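Residue numbers (the working numbering): 2 to 320. For each residue, glycine too, the CB sits at the ideal point set by N, CA and C. Being a predicted model, the structure only gives us computed values, none of them experimental. Report on the following structure.
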């Protein structure tokens with residue numbers, strides 16, 4: 002047998018063992034700079050991978066929350082769920098969150114693409130450094146990783162803040178809803194059905210009592226001949242002088258038009274020195290009436306606002 006031929010009993014080293022020995026030998030010769038560079042390159046690759054995963058996760062979470070937001074708002078708007086007294090507040094809160102998420106979801110999608118591009122750039126640049134036997138770190142393509150990381154932190158904080166604000170608003174609305182329902186069951190509550198059965202003068206008296214309940218001093222509880230459009234007059238501790246004209250309608254579809262608003266505007270301030278002229282009805286105001294009221298600075302209380310005020314105990318908000 003030739004000395005150059007291995008015996009059958011000889012154990013040939015595996016390719017993995019050979020590479021391992023080479024790596025161990027290289028590690029023994031490596032300087033601290035070499036080791037630090039190797040660690041930095043591995044960390045860059047992992048950071049790039051983590052950023053891709055984190056941005057994708059944020060986008061998925063925001064998209065799921067956006068879908069829930071759309072579904073919840075749809076149920077409120079189409080009447081699938083009970084029409085609670087704060088539904089418009091819930092809808093408004095959902096819209097704010099929806100608008101925020103509408104910006105965040107596409108941002109996350111774009112960021113995933115940017116991170117993937119940066120990751121490929123980092124990998125190529127590390128390969129170049131290895132081929133050129135250079136130990137620079139971080140790699141030339143690593144700088145955008147820091148920018149994407151900072152942007153991710155800002156986006157995540159913005160997402161968390163928006164969710165917390167939305168949930169806090171819903172909780173406050175739930176508390177308000179429970180308070181209103183408790184008031185509705187009390188003897189102080191007056192329903193729109195009860196109001197509709199009143200006479201015109203009978204309608205004015207509850208409005209006066211509502212102002213008293215809100216802390217104002219009532220000077221006139223009902224109108225009459227020569228009242229010049231002022232059915233109820235009340236004053237407040239901050240110089241408010243509230244002049245109210247009441248418009249009771251039997252038919253729920255009957256609306257108060259612009260001519261009534263214009264007539265009231267002609268007397269509320271010139272004749273009664275109103276600081277807060279208000280028109281109250283148990284039905285609604287036409288679009289032209291609303292435009293005229295906005296032009297003249299007259300507050301309008303329609304059936305929805307009257308229900309909140311009389312039935313659910315929400316104080317009248319003076320503007």
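Own chain, CB closer than 8 Å to residue i, minus 5 neighbours either side, in chain order
i	result
residue 159	101 and 105
residue 303	282, 284, 285 and 286
residue 217	235, 236, 237, 241 and 243
residue 1	Lying before the first or after the last residue shown, residue 1 is absent from the chain, which here runs from 2 to 320.
residue 310	211, 302, 316 and 317
residue 62	160
Proximity below 8 Å, CB of residue i to CB of residue j
i	j	result
residue 297	residue 262	yes
residue 312	residue 192	yes
residue 293	residue 259	yes
residue 93	residue 70	no
residue 199	residue 249	yes
residue 299	residue 278	yes
residue 149	residue 45	no
8 Å Cβ cutoff, residue i in contact with chain B
i	result
residue 124	Absent from the structure: chain B. Only one protein chain is present.
Cβ shell of residue i (< 6 Å), same chain only, five flanking positions each side left out
i	result
residue 314	184
residue 316	215
residue 267	none
residue 109	56, 59 and 60
residue 18	none
residue 22	none
residue 247	204, 205, 208, 232 and 281
residue 319	277
Bridge partners - residue i, DSSP secondary structure assignment
i	result
residue 248	282
residue 257	286
residue 277	243
residue 366	Limits of the chain in this structure are 2 at one end and 320 at the other, which puts residue 366 out of reach.
Chain-order list of residues whose beta-carbon lies under 7 Å from that of residue i (same chain, five-residue window excluded)
i	result
residue 252	none
residue 90	174
residue 224	205, 231 and 232
residue 117	53
residue 87	174, 177 and 178
residue 83	Caution is warranted here: a pLDDT of 48 is assigned to residue 83, below 50, making its placement in the model unreliable, and no coordinate value can be reported.
Rounded C-alpha distance that separates residue i from residue j
i	j	result
residue 189	residue 238	24 Å
residue 156	residue 201	57 Å
residue 231	residue 308	22 Å
residue 186	residue 73	27 Å
residue 210	residue 65	48 Å
residue 107	residue 240	52 Å
residue 43	residue 52	14 Å
residue 288	residue 99	29 Å
residue 306	residue 103	32 Å
residue 220	residue 290	27 Å
heavy atom of the ligand ZN below 7 Å from residue i C-beta
i	result
residue 193	Inclusion of the ligand ZN in the displayed structure is not the case, the ligand content being empty and no account of it being possible.
Pick out the complete beta strand (DSSP E) segments inside the region 173 to 253, 3 residues or longer, and give them in chain order. Runs found: 218 to 221, 233 to 236 and 242 to 248.
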